[in-house]
Amino acid sequence: MTMRSIGRLLLGSAVASLTLPASTSVGAQEPSVAVMQAALRSVGRVVAEDCGETAERTATAFVWSDDETLVTARHVVAGCALISVTLESTGQTYTAVPKRELAKRDLVLLRTDKPMGVVPLSAAGGLPNVGSRVVAIGYPIGVPTSDSKMLDVTVRNAPPGSKLMDLLPAELGKQVASSGKFALDTAILRLDGNLLPGHSGAPLIDAAGYVRAIGSGGLQNGAGGVVWAVRSDYLDELAAGPAITSVEAEPNDSELRFAHQRPQSDEKSVTCGPAVFVYSRSSSLEDLYVSSDDKNGLQQLTMTANTSLGSSVGERFDIWVDRDTGASLAVPAGRSISAGDDGLCEVEVSPNVRMAIQATNTPATDPPKRQLQVQLASVTFETWLASQAEGPYATDPSFSYVMPMQRPDGFVVRRAGYFRNSPVSLSSVQADYAFVTHMARGNRYYGVASIRSGLVIDLNNMQSCGVNPNSSTCVAEREKFRDWSRSSLAVHLATIPPI
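Here the sequence shown stands for residues -28 to -1, 1 to 471, where the numbers follow mature numbering (1 follows the signal peptide of the UniProt record, and there is no 0).
Dropping the structure here:
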């Protein structure tokens, strides 16, 4: 059964609707190709090396003030011994050293070892017009070739504008406040569209060619990174900031983790319907957990998974990011995503476990119509899941949301578990299960599921676990669930970062 051939049948019970807010309409005022080409000459790829836990990092920097000075995000070079910047326009690589910093705004000035011979970009303070567009020019996902990403200036930038505190999820905001790492009153641009890993330090250029903001942040938020755009008003303050010769490393024990982007020789991507997912990085479950969009739910799932994993400590996941929206997927480390029919992508985890990924556009601008499109997409995906089983599923209330969770930026998510136990013999059953994350924001819906099928368990061996959990029969039975546990954690980690 294909995705398109499925009707409106529900899986197990009624699917809770994903209610979405209205989208922001945008105007046509945007940077021209000529403006982008001119700006690109002064944008470079920064590579920081010998950075402690992350040996290498890469992001973006741009020439500003004079042709020996660059601006980038402070966290990119924090604790790194060697910094180099390559200008794609000239093909030249320059050694750079920290010159001045504005730590609470996550900005740093770099000084090159010789003049770069390009025209510095100019900045304009204040707020760009609501409904206009800016372009982020940089090196997303760590690849050596530049890219441009057009972003819409939303109504949340109407005077007096937005602050960092307005963007961060509540728990993450509390952590930032208690750490003193960033100033929560930092003026930022709120954008309809998402900056990607590697955009840290990227200039956001308006239609006149002026820098209006700088890509910053990169705090982990589940599988995604919370990246914001610091307004260019701070550049003069940065130029007058304290002189430095190095940038102090961030403490390793902080719950505020950066989603650092490592260099890649080329871009690894896979197309799933309208979404193009690009490989970003590998992360540990510990790093992803501290900033999950549903920490309590993930903790509950992790406790259950530990019965088969023994311990989830050390588990790693590969992170893939949708280039358009910033939606982030986690896949058990070392597994690849393959594109299939009808835009459905799959991940083969083991003979009995696979993951399925579906992306669907929901283009309606009218909120009720868009809500209906999202609801239909989620029903279609769950009905496809039902078609993969040998009989009807039942809802597992232990791992199912009663209602969707929502954020003010329009992100909405619902997670659910479904099971089916079929007797094979008097002492064994086939234990099928599907765990799914439905999520949406703006004009795109995502369904991500882990599917366990054909797994037969011995009931006597499982009962022995209650008597002696370390017995060989119990250990062997729990081992059957190891890959299932990993893939279920991966499904829970799927998210869309705040904007």
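The beta-carbon is built from N, C-alpha and C at its ideal position, and this holds for glycine as well. In this text, all values refer to a predicted model and were calculated from it rather than measured experimentally.
Taking the C-beta atoms as reference points, Ala212 is found no nearer than 8 Å to Leu167. Leu398 counts as exposed, since fewer than 16 other beta carbons sit within 10 angstroms of its beta carbon. Assignment of Ser457 by DSSP, reduced to helix, strand and coil, places it in the helix class. Closest by C-alpha distance to Gly173, out of Gly187, Met8, Gly181, Asp290, is Gly187. Assignment of beta-bridge partners to Val199 by DSSP yields Gly189. In the three-state DSSP reduction, Arg72 falls in the strand class (E or B). Take Pro304, set aside five residues on each side of it, and the residues of its chain with a beta-carbon closer than 7 Å to its own are Phe289, Val321, Arg458, Ser459, Ala462, in chain order.
A distance below 8 Å between beta-carbons, with the five flanking residues on each side excluded, links Asn433 to the following residues of its chain, in chain order: Thr445, Cys446, Ala448, Glu449.
Inclusion of Val48 and Ala31 in the CB contact set at 8 Å is warranted, their separation being smaller than that value. In the structure shown, Glu449 adopts helical secondary structure according to DSSP, grouped into three states. In the three-state reduction of the DSSP assignment, Ala130 falls in the coil class.
Asp313 sits in a helix when the DSSP states are folded into three classes. Within the same chain, and ignoring the five residues on either side of Ala95 in sequence, the residues whose Cβ sits closer than 8 Å to its Cβ are Trp36, Tyr182, Val183, Arg184, Ser204, Leu207. For the 8 Å CB-CB criterion, Val7 and Ala201 do not form a contact.
Contact between Ile113 and Gln233 holds, with the beta-carbon distance rounding to 7 Å and staying under 8 Å. For Met377, the secondary structure class from DSSP, reduced to helix, strand or coil, is strand. Contact between the stretch 377 to 386 and the stretch 407 to 417 is present: 3 or more CB-CB pairs across the two stretches fall below 8 Å.
Within the stretch 133 to 163, the complete beta strand (DSSP E) segments at least 3 residues long are 159 to 161, listed from N- to C-terminus.
Under the criterion of beta carbons closer than 8 Å, Val115 and Gln236 qualify as touching, at roughly 5 Å. Cβ-Cβ distances below 8 Å link Ser134 to Arg128, Ala159, Ile160, Leu161, Arg162 in the same chain, with the five nearest sequence neighbours on each side left out; the list follows chain order. In the same chain as Gly110, and ignoring 5 residues on each side of it, the C-beta atoms closer than 6 Å to its own belong to Thr32, His171, Ala174, in chain order. Checking the DSSP bridge columns, you'll see Ala11 has no partner listed. The Cβ neighbour count for Pro100, taken over all protein chains shown within 10 Å, is at least 16; the residue is labelled buried. Bounds of the alpha helix (DSSP H) holding Trp356 are 339 to 359. Looking from the CA of Thr243, the closest CA among Cys317, Asp78, Gln345, Asp138 belongs to Cys317. Pairwise C-beta distances place the stretch 21 to 28 out of contact with the stretch 60 to 78, as fewer than three of them are shorter than 8 Å. Counted as a single uninterrupted DSSP element, the beta strand (DSSP E) harbouring Ser256 occupies residues 247 to 256. The criterion of a C-beta distance shorter than 8 Å is satisfied by Arg326 and Ile423. In this chain, Leu168 is not harboured by any alpha helix (DSSP H), its DSSP state being neither H nor E. Nearest in C-alpha terms to Gly438, of all of Asp124, Thr279, Ile55, is Thr279. Between Tyr418 and Ala299, the beta carbon gap of about 6 Å places them in contact (Cβ cut-off 8 Å). Just so you know, the alpha carbons of Asp313 and Asp404 end up roughly 23 Å apart.
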